[in-house]
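These protein sequence lines map, in sequence, to chains A and B. Residues 3 to 158 in my numbering are what the first sequence lists, from first letter to last. Residues 309 to 1182 in my numbering are what the second sequence lists, from first letter to last. Backbone N, C-alpha and C fix where the C-beta goes; we use that ideal spot for every residue, glycine too. Given the structure is predicted, the values throughout are model-derived calculations rather than measurements. A quick write-up on the structure given underneath.
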Amino acid sequence: MTHDRDTSAERVTEYVTVMIGGQLFGLPIGRVQDVFMPERLTRVPLAGAEIAGVLNLRGRIVTAIDMRLRLGLPPRTDARARMAVGVELGAESYGLMIDSVGEVLKLDDATREPNPVNLDARWAGVSGGVHRLEGQLMVILDVDRVLDMANDAMAA
Amino acid sequence: MDDLLREFLTETNESLDVVDVELVRFEQEPNNTAILGNIFRLVHTIKGTCGFLGLPRLEALSHAAETLMGKFRDGMPVTAPAVTLILSTIDRLKDVLAGLEQNQQEPDGSDADLIAELERMAIEAAGGRAARPEPKDDKSTAGSLVYQVLERQLRPGEVSLDDLERAFQETQVERPTPKADAKAKAKSAGEDEERADPKVASQSIRVNVDTLETLMTMVSELVLTRNQLLEIVRQHEDSEFKVPLQRLSNVTAELQEGVMKTRMQPIGHAWQKLPRLLRDLSAELGKEIELEMHGADTELDRQVLDLIKDPLTHMVRNSADHGLETPDVRRAAGKPEKGTIRLSAYHQGGHIIIEIADDGRGLNSGKIRRKAVDLGLASESDVEKMTEAQIHKFIFVPGFSTAGAVTSVSGRGVGMDVVRNNIDQIGGIIDVKSVPGEGSSFTIKIPLTLAIVSALIVESAGERFAIPQLSVVELVRAQANSEHRIERIKDTAVLRLRNKLLPLIHLKTLLAIGEGDDAENGFIVVTQVGSQTFGIVVDGVFHTEEIVVKPMSTKLRHIQMFSGNTILGDGSVIMIIDPNGIAQTVGSASPVAAESEAQSETRKQKTHSLLVFRAGSPQPKAVPLSLVTRLEEIDCRKIELSNGRHLVQYRGQLMPLVRVNDEVRVRHEGTQPLLVFSDGGRSMGLVVDEIVDIVEDTLDIEVGSDTPGLLGCAVIRGQATEIIDVGHFLPLAYADWFARRDMKSEALTRSLLLVDDSAFFRNMLTPVLKAAGYEVTAVAAPAEALALIKKGERFDVVVSDIEMPGMNGFELAEAIRADERGAAIPIIALSSITSPATVERGRQAGFREFVAKFDRPGLIAALKEQTVAWDEAA
Chain A
3 MTHDRDTSAE
13 RVTEYVTVMI
23 GGQLFGLPIG
33 RVQDVFMPER
43 LTRVPLAGAE
53 IAGVLNLRGR
63 IVTAIDMRLR
73 LGLPPRTDAR
83 ARMAVGVELG
93 AESYGLMIDS
103 VGEVLKLDDA
113 TREPNPVNLD
123 ARWAGVSGGV
133 HRLEGQLMVI
143 LDVDRVLDMA
153 NDAMAA
Chain B
309 MDDLLREFLT
319 ETNESLDVVD
329 VELVRFEQEP
339 NNTAILGNIF
349 RLVHTIKGTC
359 GFLGLPRLEA
369 LSHAAETLMG
379 KFRDGMPVTA
389 PAVTLILSTI
399 DRLKDVLAGL
409 EQNQQEPDGS
419 DADLIAELER
429 MAIEAAGGRA
439 ARPEPKDDKS
449 TAGSLVYQVL
459 ERQLRPGEVS
469 LDDLERAFQE
479 TQVERPTPKA
489 DAKAKAKSAG
499 EDEERADPKV
509 ASQSIRVNVD
519 TLETLMTMVS
529 ELVLTRNQLL
539 EIVRQHEDSE
549 FKVPLQRLSN
559 VTAELQEGVM
569 KTRMQPIGHA
579 WQKLPRLLRD
589 LSAELGKEIE
599 LEMHGADTEL
609 DRQVLDLIKD
619 PLTHMVRNSA
629 DHGLETPDVR
639 RAAGKPEKGT
649 IRLSAYHQGG
659 HIIIEIADDG
669 RGLNSGKIRR
679 KAVDLGLASE
689 SDVEKMTEAQ
699 IHKFIFVPGF
709 STAGAVTSVS
719 GRGVGMDVVR
729 NNIDQIGGII
739 DVKSVPGEGS
749 SFTIKIPLTL
759 AIVSALIVES
769 AGERFAIPQL
779 SVVELVRAQA
789 NSEHRIERIK
799 DTAVLRLRNK
809 LLPLIHLKTL
819 LAIGEGDDAE
829 NGFIVVTQVG
839 SQTFGIVVDG
849 VFHTEEIVVK
859 PMSTKLRHIQ
869 MFSGNTILGD
879 GSVIMIIDPN
889 GIAQTVGSAS
899 PVAAESEAQS
909 ETRKQKTHSL
919 LVFRAGSPQP
929 KAVPLSLVTR
939 LEEIDCRKIE
949 LSNGRHLVQY
959 RGQLMPLVRV
969 NDEVRVRHEG
979 TQPLLVFSDG
989 GRSMGLVVDE
999 IVDIVEDTLD
1009 IEVGSDTPGL
1019 LGCAVIRGQA
1029 TEIIDVGHFL
1039 PLAYADWFAR
1049 RDMKSEALTR
1059 SLLLVDDSAF
1069 FRNMLTPVLK
1079 AAGYEVTAVA
1089 APAEALALIK
1099 KGERFDVVVS
1109 DIEMPGMNGF
1119 ELAEAIRADE
1129 RGAAIPIIAL
1139 SSITSPATVE
1149 RGRQAGFREF
1159 VAKFDRPGLI
1169 AALKEQTVAW
1179 DEAA
């Protein structure tokens, strides 16, 4: 789980912020390879609902995960172009499909708060804590757990 | 790791592998000094190099082994224990080498046991002859080095005099060779010269496998990019890029081939360890085994080679342990005592076929069947219906091992399933054929390379998929009003393809991407996986393309239907269908598929000549031709009516005519077609409307009938045909037809057990036999028959078919003979095959008589004879 790293003095993490179903999320910038527009998505029959499909990104096959479904949110109905955040796990590439990408934020680790105890279990499973920003909250996405759970959810 | 050490490890490992093989050869040809010289030289080199690198354990061991081999060279008889000892020394050397590779230093441990043993044996050998003093003069023969035993006391790490001497000698030899970086190399150069092997001249270099792997990946990417470019150019007809791109394309193809070649290795590499393995096994199992290897130079991708090495070894092990019998069993079965395992490899298309065959006892279908039921893989009734081939497939199921006793060789429950897994992984196919008493053979079909495969691009529900060409047999276009149309049995789609029913699977249904409701149209990709053939229905077929297989993401790997994905020329990603995965689904989800396979197999075995005719209705009727004595067309004027019955004068007798049914009109003019049935001097004419044809087909009565005179319905030549029951009509002509001869002396009814898997024969024979005075119990399966006998039911005689699925008639007869209650019951075989060999086989199995199917009088006569004989005996 998340350990408070208050042993080191001032630690700052940079987050790429994204919007998924009206909620602001942050991904540690170290984990983000690139941000792209998913094109020519090939759906994978028999795969779990969260798997939006696979696509060719500069010669690599990327597995796209629909973050709305991953978080138990309703699928998007509007036709606006979607974005994806490219992440890697092992030697494999994944694309986390999100609604839109925001700015990069530098946030002090000290201000990070643990997940509220009453957070939806599905969210709590992928969240690495919460940052209170001005006017809104940013949920930290734990990339490993986002990808890990994808497997369980499908098996279930 | 230091270069020198790495070089040493690679070389030594290779040398040891060679020594392994050579030693086994040497044991068989102890007088072949060339082999001995080769072994000796290799071990000596190892010893020398170890001394140089400061590896005392290895050196001491190889020295001791060398000493013993020196004795062989001096004329000591080559004994099996000595060879075994040297072989185990080599195993120890390999262990030490493995440790060395891991930790870069020799693992701790003592080899005193082996060394002592080696020395003891060497001394025993020397016992006979006086130990020679310093044989320095031996060195005078250039190139042939003889080593004496006296240095045995040499401590590990010390260098013997003649080693030094040799080092000097070889350094001299080294002069002409350019590489002088390491002693080890110098030595190998030296010994090459000694060997005067033509291979030395070949210009080869060692390249790290990783380098080749990278190269292959790059080429794969190049192929992809090429495909993309070609796709773009295809859209612009007059592109100036066209010509250069064509060249690029050719060069890429050549490059691909070239790189592939560098990865190719002869399959003999994977076989190298087998002679040694079998030698040890034959000693352990007390069997004599001969290993034949054909096509060892057949080349395949080293990645594939690595993956099949273990399965091959395992299968050879299995053949030796389970397949081959012990010499006394073989002798009893009239086979040569020495069992043979034959390995062969050859190319076929873009694939390589490897066969592992033995001439052993074959797979024990009965045992496999029982085990399958015990493990809950199939129900009792399921396994009865299955063909031998289907039964044999169970051996590939995880945890399936029929070995009664767990030997150290095999039978640990990790067996053929692991083999199959490994082969599945590389997109290969494994199949087994087995003939009881004659042996079994495993066939593996694998792609030459894994990275690039040829695939058929198909479309289903608007999406494209790739199906590896490896398993595609043919393409069939199905259309509603054509010869090939999709038909349905309940909800299962099937296709009639060359008189076989092919189970079909709609790809869209299978992948849950749409409804397969456009029932009768589509393209059918006929796919074969092992002995299972099925059709995959798709909406469209595009073309074949060389695709670069990319593994599925770990998040998607659980989907059995796909073996990977690939990027097509147009840049889109598509899934590669895994025929193995589909085959499993077909096999489990739709029993119809399995059944139709079972049926088609039975059909193959049992075709009958059938007379097809019409009588009373447009629907064809049929009767087995062998029951019909003659076909006649008689002049209608000859038909007379007497006492309400039609009669005709036929060959000087009055022959009653019987109509098949009331709808049949006896004609008054022209000619009247008749089927004449004769028996014991009496004849009967069956009045029909029209004789249509004589066809050769199988007889499966699919729908039974309650109508008198009809046995039921069967599909003959693709048409539903009524099969008439001759037994019903005969008494209509002569009420006493059956009774008159046979029943005379039979005061008491005898009980008869009729075993035949064909409903037709059961239905046909039961009334006949009943009429002959027997109380008939008819069963469809040998197992049922056996169960009845074991239960203690009394039968005076058993009549059994020979060709039945599952247990055949011979096995049944043997089983009945083996049962104390059944031992005395006479058994009569009923078979469509009555070749002398079959009859002989039948007699051995315990059949008293062999009667051809349809030979009713013959059967009745045989029954009488047997039951009378038994009465007299009783």
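Contact set for residue i: own chain, Cβ-Cβ below 8 Å, skip 5 residues either direction
{"i": "residue 684 of chain B", "result": "none"}
{"i": "residue 772 of chain B", "result": "765, 766, 850, 876, 880, 882"}
{"i": "residue 398 of chain B", "result": "324, 327, 328, 331, 373"}
{"i": "residue 344 of chain B", "result": "334, 377, 380, 381"}
{"i": "residue 747 of chain B", "result": "631, 665, 666, 667, 668, 669, 670"}
{"i": "residue 583 of chain B", "result": "328, 329, 332, 333, 599"}
{"i": "residue 95 of chain A", "result": "35, 59, 62, 63, 64, 65, 88, 89"}
{"i": "residue 991 of chain B", "result": "937, 958, 959, 961, 963, 984, 985"}
{"i": "residue 802 of chain B", "result": "794, 795, 796, 809, 810, 811, 812, 900, 904"}
Simplified DSSP state of residue i, which is helix, strand or coil
{"i": "residue 581 of chain B", "result": "coil"}
{"i": "residue 337 of chain B", "result": "coil"}
{"i": "residue 301 of chain B", "result": "Residue 301 of chain B lies beyond the range of chain B shown here (309 to 1182); nothing can be said about it."}
{"i": "residue 751 of chain B", "result": "strand"}
{"i": "residue 1114 of chain B", "result": "coil"}
{"i": "residue 694 of chain B", "result": "coil"}
{"i": "residue 761 of chain B", "result": "strand"}
{"i": "residue 976 of chain B", "result": "coil"}
{"i": "residue 821 of chain B", "result": "coil"}
{"i": "residue 536 of chain B", "result": "helix"}
{"i": "residue 352 of chain B", "result": "helix"}
{"i": "residue 708 of chain B", "result": "coil"}
{"i": "residue 576 of chain B", "result": "helix"}
{"i": "residue 733 of chain B", "result": "helix"}
{"i": "residue 425 of chain B", "result": "helix"}
Cβ-based neighbour list, residue i, same chain, cut-off 7 Å, excluding 5 preceding and 5 following
{"i": "residue 302 of chain B", "result": "Any question about residue 302 of chain B goes unanswered here, given that chain B covers just 309 to 1182."}
{"i": "residue 541 of chain B", "result": "547, 549, 550, 553"}
{"i": "residue 898 of chain B", "result": "Confidence is the limiting factor: at residue 898 of chain B the pLDDT is only 38, short of 50, which leaves the residue's position unreliable, though a coordinate-based value still follows. Closer than 7 Å at the Cβ level, and outside the excluded window around residue 898 of chain B, lie 800, 811."}
{"i": "residue 537 of chain B", "result": "553"}
{"i": "residue 404 of chain B", "result": "365, 366, 414, 415"}
{"i": "residue 47 of chain A", "result": "none"}
{"i": "residue 655 of chain B", "result": "606"}
{"i": "residue 358 of chain B", "result": "366, 367, 370"}
Own chain partners of residue i with C-beta closer than 6 Å, once the 5 adjacent residues on each side are dropped
{"i": "residue 840 of chain B", "result": "891"}
{"i": "residue 1114 of chain B", "result": "692"}
{"i": "residue 523 of chain B", "result": "567"}
Neighbouring residues, chain B, relative to residue i (Cβ below 7 Å)
{"i": "residue 115 of chain A", "result": "Within chain B, no residue comes near residue 115 of chain A; the closest Cβ sits about 30 Å away, beyond 7 Å."}
{"i": "residue 94 of chain A", "result": "861, 862"}
Neighbouring residues, chain B, relative to residue i (Cβ below 9 Å)
{"i": "residue 90 of chain A", "result": "The premise fails here: residue 90 of chain A is roughly 12 Å from chain B at the closest Cβ pair, so nothing lies under 9 Å."}
Listed by chain order, chain B residues near residue i by CB distance under 8 Å
{"i": "residue 136 of chain A", "result": "Here the premise fails: no neighbours, minimum Cβ distance about 37 Å."}
Proximal residues of chain A, C-beta to C-beta of residue i below 8 Å
{"i": "residue 529 of chain B", "result": "61"}
{"i": "residue 858 of chain B", "result": "63"}
Neighbour list for residue i in chain A, Cβ cutoff strictly below 7 Å
{"i": "residue 821 of chain B", "result": "47"}
Residues that residue i contacts on chain A, provided the C-beta gap is smaller than 9 Å
{"i": "residue 532 of chain B", "result": "61"}
- Message: Short of 7 Å Cβ to Cβ, which residues in the segment 49-71 of chain A face chain B?
- Response: Answer in chain order: 49, 53, 56, 57, 58, 61, 63, 65.
Near-chain B residues of the segment 27-49 of chain A (beta-carbon distance less than 8 Å), N- to C-terminal order
42, 44, 45, 46, 47, 48, 49
_Can you confirm whether the segment 578-594 of chain B touches the segment 605-620 of chain B when touching is taken to mean that 3 or more C-beta pairs between the two stretches lie within less than 8 Å?_
Three or more Cβ pairs closer than 8 Å define a contact, and the segment 605-620 of chain B meets that threshold against the segment 578-594 of chain B.
Exercise for the section: Below 8 Å between beta carbons is the criterion; list the residues of the segment 877-898 of chain B that meet it against any residue of chain A, in chain order. Expected result: 879, 880, 881, 882, 883
TODO: Select from the segment 864-875 of chain B all residues with a C-beta closer than 9 Å to any C-beta belonging to chain A, and list them in chain order.
DONE: 864, 866, 867, 868, 869, 870, 873, 874, 875
Taking three-plus beta-carbon pairs below 8 Å as touching, is the segment 584-593 of chain B in contact with the segment 557-569 of chain B? With the rule of 3 Cβ pairs closer than 8 Å, the segment 584-593 of chain B does not count as touching the segment 557-569 of chain B.
TODO: Answer yes if the segment 104-117 of chain A comes into contact with the segment 66-85 of chain A, meaning at least three C-beta pairs across the two stretches below 8 Å, and no otherwise.
DONE: no
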